[in-house]
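In the working numbering, the protein residues as written are 12 to 224.
Glycine included, every Cβ here is placed at the ideal spot set by N, Cα and C.
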């Protein structure tokens with residue numbers, strides 16, 4: 012029974028990975044037309060794709076598995092990780108996104124250089140690098156934790172992290188930003204469906220809301 016369950020879980024993970032890479036190769040011909048298409052999707056991402064992209068970055072495994080685990084130790088305050096992301100995205104969208112597009116900037120450090128100087132650009136680049144290293148590392152750790160928990164006979168924490176890194180990096184390398192946007196549509200949808208199903212299942216298994224303190 013255990014092997015059967017693990018086989019089903021492995022099949023689901025494999026199908027998910029194949030789907031992500033299929034999307035990446037599908038958009039590859041579009042992304043490879045020129046560097047702007049590959050790196051910035053030709054600045055043609057729709058509002059919905061941008062929303063999925065931002066959500067996929069913010070609400071990943073770290074924001075679900077990691078925050079949920081942390082909440083068992085520190086309580087509802089763990090939710091501020093997600094709250095900070097949401098506040099930052101809203102502020103950026105309202106105050107800076109329009110100006111950023113209008114100026115035709117390619118990166119955030121470039122925006123800082125135009126408003127300040129080269130020192131501002133350097134400080135911005137270093138700050139972004141530190142932030143993104145932390146975020147991406149958390150995603151790899153969370154991915155490793157999920158795979159090693161679901162399939163302990165196949166993945167250890169280390170190999171799960173390596174597999175997560177290969178998939179995350181691979182789909183972006185193949186298709187660029189178009190691939191990231193399209194893949195996040197699938198990932199975000201699955202995340203929310205999984206959270207919804209898990210919430211209903213946990214409440215039902217504990218006898219309903221009346222039995223949950």
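Terminal residues of the continuous alpha helix (DSSP H) containing residue i?
i, result
"residue 127", "First-last for residue 127: undefined, no H or E at that position."
"residue 207", "168-216"
"residue 109", "108-114"
"residue 105", "Per DSSP, residue 105 belongs to no alpha helix (DSSP H) and is neither H nor E."
What three-state label does DSSP hand residue i in the structure shown?
i, result
"residue 18", "helix"
"residue 165", "coil"
"residue 138", "helix"
"residue 86", "helix"
"residue 118", "coil"
"residue 56", "coil"
"residue 219", "coil"
In terms of alpha-carbon separation, which member of the options lies closest to residue i?
i, options, result
"residue 190", "31, 108, 203, 173", "31"
"residue 150", "168, 21, 138, 164", "168"
"residue 186", "21, 39, 24", "39"
"residue 196", "25, 19, 24, 58", "58"
"residue 143", "37, 119, 127", "119"
"residue 88", "65, 179, 74, 101", "74"
"residue 201", "110, 66, 145", "66"
"residue 100", "68, 129, 113, 125", "68"
"residue 176", "163, 155, 188", "155"
"residue 148", "221, 179, 36", "179"
"residue 28", "216, 158, 212, 211", "158"
"residue 183", "23, 36, 24", "36"
"residue 126", "84, 160, 111", "111"
"residue 206", "24, 18, 79, 23", "79"
"residue 18", "97, 161, 121", "161"
So, under 8 angstroms CB-CB, residue i and residue j are touching, yes? Tell me the CB distance rounded to an integer number of Å.
i, j, result
"residue 192", "residue 56", "5 angstroms"
"residue 194", "residue 61", "At roughly 14 angstroms, the Cβ-Cβ gap does not stay under 8 angstroms, so residue 194 and residue 61 are not in contact."
"residue 82", "residue 90", "7 angstroms"
"residue 165", "residue 21", "7 angstroms"
"residue 124", "residue 131", "6 angstroms"
"residue 220", "residue 214", "6 angstroms"
"residue 63", "residue 199", "5 angstroms"
Could you check if residue i belongs to the surroundings of the ligand SAM, using beta carbon to heavy atom distance under 8 angstroms?
i, result
"residue 88", "The ligand SAM is not part of the structure shown, which contains no ligands of any sort."
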